[in-house]
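This report concerns only the one structure given below.
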Amino acid sequence: PETQLFTATATVGFSGVIAGNAMTCGVAAATGAVYCWGAGNDGQLGKGGFANSTAPSVAVSQSGDTATGVMLTSRQVSGGRNGFCSLTLARTLYCWGRQLGGAVNVSPTAITLTSGGATLLPDGVAIGEDFGCLLTLAGDGFCSGNNFNGQLGDANSPTGAAVGTWVSIAPPPTFFSAISTGRAHAC
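If you read the sequence shown in the working numbering, its first letter stands for residue 4, the second for the next number, and so on.
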């Protein structure tokens with residue numbers, strides 16, 4: 004269930020804090036709301052602009068409209084070099100800042116979660132620099148974005164996969180229990 008935005012006027016208790024390159028996001032323990040602060044030069048704060056923020060004062064909304072938008076209620080947030088992705092309670096993936104293929108979006112954007120026509124049900128997300136990987140409920144791994152260093156695990160896509168195009172890391176019956184990314188690699 005989505006809830007309306009609120010502004011933190013007191014200390015927000017976070018269940019998790021995720022750092023990127025000169026920016027940080029936290030997930031509020033009580034609500035699942037996502038708060039970001041730090042550098043905003045690539046829209047990585049998800050607030051609809053490029054301004055920096057010195058404090059976690061406004062929750063990130065699905066539209067980037069922090070005054071009237073519906074806040075993201077997150078089960079997990081992952082940060083890359085200049086962007087973040089949030090896996091919501093409804094298993095929708097929203098990304099903002101410098102996204103999976105390097106495009107900049109100042110507001111959270113819902114990312115297509117299909118591969119070969121099949122809908123992916125994500126259980127985890129990990130974001131690197133201009134790429135990201137998903138772990139599905141079935142234990143399958145998929146990656147999307149730039150592949151200049153082979154970080155997608157797909158030799159058939161030497162330059163990468165467009166945002167919303169997810170390539171399988173390893174063919175079934177290979178199953179993963181966790182997935183993690185660095186700047187230009189995935190494990």
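The C-beta atom is built at its ideal place from N, Cα and C for all residues, glycine as well.
Rounded separation between residue i and residue j - CA only
i, j, result
"Thr-112", "Asn-152", "26 Å"
"Cys-28", "Val-80", "8 Å"
"Cys-136", "Gln-47", "18 Å"
"Ser-180", "Pro-174", "15 Å"
"Pro-4", "Arg-78", "With a pLDDT of 37 at Pro-4, under the threshold of 50, the predicted position of this residue should be treated as unreliable, though the coordinate-derived value follows. Approximately 12 Å between the Cα atoms of the pair."
"Thr-162", "Asp-133", "12 Å"
"Gly-51", "Ile-182", "29 Å"
"Asn-55", "Cys-39", "10 Å"
"Gly-43", "Thr-34", "24 Å"
From the options, residue whose alpha carbon lies closest to that of residue i
i, options, result
"Val-109", "Gly-119, Cys-98, Thr-117 and Ser-180", "Cys-98"
"Val-73", "Arg-84, Ala-58, Asn-85 and Gly-49", "Gly-49"
"Asn-150", "Gly-105, Ser-118 and Ile-114", "Gly-105"
"Gly-86", "Ala-31, Phe-53, Ala-158 and Leu-92", "Phe-53"
"Gly-142", "Gly-82, Gly-83 and Thr-177", "Thr-177"
"Gly-83", "Tyr-38, Gly-19 and Gly-23", "Gly-23"
"Ala-121", "Gly-167, Gly-19 and Val-20", "Gly-167"
Cβ neighbours of residue i in the same chain (closer than 8 Å, five flanking residues each side left out)
i, result
"Phe-145", "Ser-118, Leu-123, Cys-136, Leu-137, Thr-139, Trp-169, Val-170, Ser-171 and Ile-172"
"Ala-165", "Gly-104 and Ser-147"
"Leu-96", "Cys-88, Ser-89, Leu-90, Ala-113, Ile-114, Leu-116, Pro-125, Val-128 and Leu-137"
Contacting residues, own chain, Cβ-Cβ under 6 Å from residue i (five flanking each side not counted)
i, result
"Gly-41", "Ala-25, Met-26 and Thr-27"
"Leu-92", "Thr-76 and Arg-78"
"Arg-101", "Asp-45, Asn-85, Gly-86 and Val-107"
"Ala-36", "Ala-62 and Met-74"
Rounded Cβ spacing between residue i and residue j (contact assumed at less than 8 Å)
i, j, result
"Gly-156", "Ala-189", "6 Å"
"Gly-131", "Thr-184", "4 Å"
Same chain only: Cβ atoms within 7 Å of residue i, ignoring 5 sequence neighbours per side
i, result
"Thr-14", "none"
"Phe-17", "Gly-29, Val-30, Ala-31 and Ala-32"
"Val-20", "Thr-27 and Gly-29"
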